[in-house]
Amino acid sequence: MSTATAIENKSPASAGRFEPRIAAFVCNWCTYTGADLAGTSRVQMMPNVRMVRLPCTGRIDTAFIIKAFERGADGVIVSGCHPGDCHYSEGNYHARRRFAMFKELMNFMGIDERRVTFSWVSASEGRKWGDVVDETIERVRALGPFDDYKTLLEETP
Ligand code: FES
6 MSTATAIENK SPASAGRFEP RIAAFVCNWC TYTGADLAGT SRVQMMPNVR
56 MVRLPCTGRI DTAFIIKAFE RGADGVIVSG CHPGDCHYSE GNYHARRRFA
106 MFKELMNFMG IDERRVTFSW VSASEGRKWG DVVDETIERV RALGPFDDYK
156 TLLEETP
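Here the sequence shown is numbered in the working numbering, starting from 6 and rising by one per residue.
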């Protein structure tokens, strides 16, 4: 999925139940492979996630997250290699610092930080990826649709 493409909710909507749209930015080497393992292992998880594969979490700009919200996401997952396992040595440490600051910014702007999940999922953790997806969807479902971005845009001169 490209961030330039609007995130469409193609998940089967249960009668009247809000189905969150989740964008996941993942590193190629660990989480993407773990998600692939979840698929080949037939791990059951909810289908609401659209993945964007990047070389490393260190490459994930916070602007990508903002763009995902702008394009209709209700929640975002950022996930990569465990500390010490980054294929580019320190990319995930940079990402961890960046997203800690980003959450502060979200709080400052009044956006609930629970809409963004930051996790470590290795290539062998297909089950964990399924858990991260399901937990994120349930948490965002409880928060409701993300309409704040539209409000922010309307308030901007
Ligand atoms: S290569 Fe996976 S987080 Fe850097």
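Glycine residues also receive a C-beta, built at the ideal position from the N, C-alpha and C atoms.
- With a cutoff of 8 Å on beta-carbon distance, G96 and T122 are scored as not near each other.
- For N33, the CB contacts under 6 Å within the same chain, skipping 5 residues up- and downstream, are R58 and P60 in chain order.
- For V54, the three-state secondary structure derived from DSSP is strand.
- With a cutoff of 7 Å, G131 does not count as near the ligand FES, since its C-beta is closer than that to no heavy atom of the ligand.
- By the Cβ neighbour-count rule, E143 is exposed, with fewer than 16 other Cβ atoms within 10 Å of its own.
- Per the DSSP secondary-structure output, S84 pairs in a beta bridge with V31 and S124.
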